[in-house]
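Residue numbers (the working numbering), protein chains in the order written: chain A, 1 to 309; chain B, 1001 to 1309; chain C, 2001 to 2309; chain D, 3001 to 3309. Don't be surprised by glycine CBs; every beta carbon is placed ideally from N, CA and C. If you're wondering where the values come from, they're calculated on a predicted model, not measured in any experiment. For reference, the structure is listed below as structure tokens.
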């Protein structure tokens, strides 16, 4: 097997030099203003050793990557009853499509499209105050990343709320079918905030470790979910983690992963590594352009694809 | 690790006894008349050792499982140019949906829905006579399964052709967008015939070995595709192999797989095993009901999920 | 020609006796509680003579019939620029469908589906306070009906707002495309209120007179719109006035008309009569069941179809 | 009222001079080769007086205008049972859309989109030989136009059949739902042929007279349909006669009409006139560009809109 340090360094250098960087999300000023020239990568192995490259310690808005963690938290709270409110099939459409909701009676296809993540957030909220639910989500992030310094970027959250008409539409549409149980404003408040969590690649890779090692953080020994649940979350990441580019990501990278419009991707090599990459520029379906390429390089060089070495 | 022989025997016994057997496909008499009480399983390891259970040697109509082999063959013939004619994203809809074709200018979403497999078949045909193309497909099956006894069930093929109005519609629709290049009748003739190949679980698991072992049959040493291509075909099987139940299959079974309405499923545990199951009764989205359950049992007991042990 | 008085009396009597009355709308208590046994009809001729039958003087919630009047008002304010925000083609789908909005970039198909009427209301609002816009709409109703007693049922408006998640979704969805220009809450506030105007058949038929007589109330002589605009509004009523039952209404009744879920229908026989019917029970596509039948009887007996006598 | 002769002459002259002529259909050479500079108009009144202008005697391919006549013929043969096989609502989509068929179980929305007209043709065929059905259609055309010289352009029919993959798809798709009863090739053979009938404006306006005068040709006295059926066919023309431009046609022209991709339009002013226009260039939704404008001029000048004078 090639040397991971060398591979990561090479990848970081290639990504630093590439001029095809995709397009930074522009719908809120906080994302539009991010320097597209940045790239970070962090790979953590079973022993907790971190191999990092580029801007691995620069915090960014994790956005939809948070959906992995809220899914995990919601499954922990209500178990498989969650699947009454959200499916687990690929959507075959854009992250914010509303068409499918009409054809399927307000039940979102999976927890990783916006509508699905809103439905998951609604189950976490479960009658509590938004502030309490947010506190719970943040404590969960601290626990799984073993890092109490992780916070929400309130400016991002405020911008999301101010401009998130499409998400307001999705939420109200589900509410009209009775899929959401809390006041729409409450659910969306929590949703916009957890999407606004800021983390570095290092922190994000740390937070994802339980998915790589049978539901447990192998360093702290903290158990987050059962091995079966970890496998199943990975499966959903593989089939649904990159919106309408999920097939492409599986085809090229070959790892379960979840992307966010902030340019971050969390990817899991089960039993081998938890990986986070970040490059703010997006491709045409809304996934980090260089992030995906970096992961493709990494899995190919290291032979980490789950589909064969 | 538990003993594979014991696990397979237990699974075969459980499946023999279960009364929930799904519904046998009824659209042609040859499938409608199949005894729903049957169940077969065959698992082949790297050394070529076969662990079989139930009706593992009864031939059945492989139907859409053939799409894996025609995809492999087409990639071998024209390489990545194939992707000009078919995508590789999950469809989010039924195996025979035509809606997506209208929205995406006649390009099918992936090679494992009917429209996509017809487009792939059209590329194999490539100006030749249907008879020649069929001969090539059959020789390819003989080669990868190392078994020249595999044949097409002509009665099934004739029935498919007589009743396949939906597929005729899909093919003509693609033709209207210029996606198909041969006469529609030719392409469909080949398509209906390769769907009518009859194989037993043992033969099917044999044929799938190149996907488990880096593109090569580890016994004969025959190279079918490159390791990268084998991984990529597995990736498409994982995301798209079970129509609108692909997410569910990934979630429960955790292996790349491809199902057919004849009740067969080919599943691949990369580096570990090539597996075929068969139970004629289907679930609501058209995949083998007991076949899926059997695979779920197998991967759980053996720890073979690609998403973690 | 048969005697109108006799025909109206016969129709009112038949409708009183019929036991197939459709289903009263149940989404808000104010509509759910309406007695389905009621039926009213009022026909006004060029001279202002009113032929009434049944419960012609009982006020009901005009709901979507108000969309005719807000369309007229908006065209009066901004003219054909209105058509930048809304189309004028039949939708081929339900009154509250959101699917079409996604495919057509947030531009509703016509002013008589909910999304379209919300877009029209947004143009009336045009930066003013909701209270002012509502005042303007109400004054317009008083003017065209020559009746200052027409009011809004505030209880209905409050219920609409409390339960109108689907409309909130539609409005936010359009807002996300930039189709709406005012704060969504403002626009919806005005929309929910004008849908809650209460009128009797007699008042409604009075309000519709300008559409039957070249844009003018033939009694007061007040000009509301140009003759061409009156014709065009009638044309939109004919093609789009009954949601996904517009074709059926044209086929059976043969007059431009607009229905509301309160059970009212305004129908126009150009040059001959302005007609209002009311029966609270709805058919499967949301139009008044007996209202449509009554109009079918009327036009057939009187030879008033615009499609030939 | 203005002088019809003068109005028609003015319109013909304006249309001759206009340089915006739309785009001639190019999918078959026989249509692609038609000179876009041509324009014809013929207006026939109750007495049978013809006011013609431009190329009113040049035969053109009536294409989808034939759908009015096959609908009439099918209703004459099986009456309202026809509506089991086709609806009568506007489609809200393109003339050859297949999406709606999937959502509505193979039942086309109305007889004037391609799928609907194919379903109507299937009912005319009704077990007979294609040749017989075609003979019947042609005799019907001779009867209603009182002109035995009307024929089918066999070259057009052959081209339609050779290139009509989309229609083959629609027909097979309906067949898969059991909506078509004859062999698909038979039904399509008849369909392609009746679309290939060649007529001049003068002949077409003659053929439409029964729709303007209560189901009867006022000159010959021949009764074609009942007055009610004539009204109803007019209603369907108004709501569905121009594909996804039906609302626009109603809004601008205000008459029931049916267009064809050959550039012809038949329009009916009930009780007043039967009108045919022809200009080969089409607008973006497939209707004659100058044909529509000419009709708009005519109805405005003559006050013939059914929506008010």
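Within 10 angstroms of the Cβ of residue i, are there 16 or more other Cβ atoms? Answer buried if so, exposed if not.
i	result
residue 2088 of chain C	buried
residue 2286 of chain C	buried
residue 2335 of chain C	Here chain C covers residues 2001 to 2309 and nothing more, so residue 2335 of chain C does not appear.
residue 3090 of chain D	buried
residue 167 of chain A	buried
residue 2103 of chain C	exposed
residue 2123 of chain C	buried
residue 6 of chain A	exposed
residue 81 of chain A	exposed
residue 19 of chain A	exposed
residue 2127 of chain C	exposed
residue 2063 of chain C	buried
residue 2996 of chain D	As displayed, chain D neither begins before 3001 nor continues past 3309, which places residue 2996 of chain D out of reach and without an answer.
residue 1207 of chain B	buried
residue 262 of chain A	buried
residue 3033 of chain D	exposed
residue 3059 of chain D	buried
residue 3048 of chain D	exposed
Does the separation of the CB atoms of residue i and residue j fall below 8 Å?
i	j	result
residue 2149 of chain C	residue 2030 of chain C	no
residue 215 of chain A	residue 225 of chain A	yes
residue 3098 of chain D	residue 1118 of chain B	no
residue 3025 of chain D	residue 3042 of chain D	no
residue 3239 of chain D	residue 3191 of chain D	no
residue 1156 of chain B	residue 1200 of chain B	no
residue 301 of chain A	residue 252 of chain A	no
residue 3039 of chain D	residue 3054 of chain D	yes
residue 2306 of chain C	residue 2270 of chain C	yes
residue 3288 of chain D	residue 3153 of chain D	no
residue 1308 of chain B	residue 231 of chain A	yes
residue 2236 of chain C	residue 2112 of chain C	yes
residue 310 of chain A	residue 217 of chain A	Coverage of chain A is limited to positions 1 through 309, which leaves residue 310 of chain A absent and any answer about it impossible.
residue 2140 of chain C	residue 2222 of chain C	no
residue 213 of chain A	residue 255 of chain A	no
residue 1134 of chain B	residue 1193 of chain B	yes
residue 3227 of chain D	residue 3189 of chain D	no
residue 1028 of chain B	residue 1187 of chain B	no
residue 1312 of chain B	residue 1137 of chain B	The question about residue 1312 of chain B has no answer here: the residues shown for chain B are numbered 1001 through 1309.
Original post:
Going along the chain, which residues of the region 3097-3122 of chain D sit with their C-beta nearer than 7 Å to a C-beta in chain B?
Top reply: 3097, 3098, 3099 and 3102
Original post:
Can you list, in chain order, the stretches of the alpha helix (DSSP H) that have 4 or more residues and sit fully within the region 1051-1109 of chain B?
Top reply: 1066-1078 and 1099-1103
Original post:
Counting pairs of Cβ atoms below 8 Å between the region 100-116 of chain A and the region 158-175 of chain A, do you hit three or more?
Top reply: yes
**OP:** With a floor of 4 residues, list each alpha helix (DSSP H) that falls wholly inside the region 2220-2284 of chain C, ordered by position along the chain.
**Re:** 2227-2240 and 2246-2252
**OP:** Would you list, in chain order, the members of the region 1144-1171 of chain B that have their beta-carbon closer than 7 Å to a beta-carbon of chain D?
**Re:** 1165, 1166, 1168 and 1169
Original post:
How about the region 71-79 of chain A and the region 272-282 of chain A: do they share at least three Cβ pairs that are nearer than 8 Å?
Top reply: no
Original post:
Between the region 2012-2027 of chain C and the region 244-261 of chain A, are three or more C-beta pairs nearer than 8 Å?
Top reply: no
Original post:
Which residues, in order along the region 2231-2250 of chain C, keep a beta-carbon less than 7 Å from a beta-carbon of chain D?
Top reply: 2231, 2232, 2234, 2235, 2236, 2238, 2239, 2240, 2244, 2246, 2247, 2248 and 2250
Original post:
Is it true that the region 3260-3272 of chain D meets the region 3059-3070 of chain D, where meeting means three or more beta-carbon pairs spaced less than 8 Å apart?
Top reply: yes
Original post:
When the Cβ atoms of the region 37-51 of chain A are set against those of the region 202-216 of chain A, are three or more pairs found closer than 8 Å?
Top reply: yes
Original post:
Where in the region 3114-3156 of chain D do unbroken runs of the alpha helix (DSSP H), each at least 4 residues long, occur, reported from the N-terminal end onward?
Top reply: 3114-3125 and 3130-3145
**OP:** Please list the residues of the region 1173-1193 of chain B that have a C-beta atom closer than 8 Å to any C-beta atom in chain D, keeping them in chain order.
**Re:** 1173, 1175, 1176 and 1184
**OP:** Residues of the region 248-274 of chain A with a CB closer than 7 Å to any CB of chain B: list them in chain order, please.
**Re:** 248, 250, 251, 254, 256, 270 and 271
**OP:** Output the residue ranges of the beta strand (DSSP E) runs that lie fully inside the region 3181-3212 of chain D and measure 3 residues or longer, sorted by chain position.
**Re:** 3197-3199
**OP:** Taking a Cβ distance cut-off of 7 Å, strictly less, list which residues of the region 203-234 of chain A are near chain B, in chain order.
**Re:** 214, 227, 230, 231, 232 and 234
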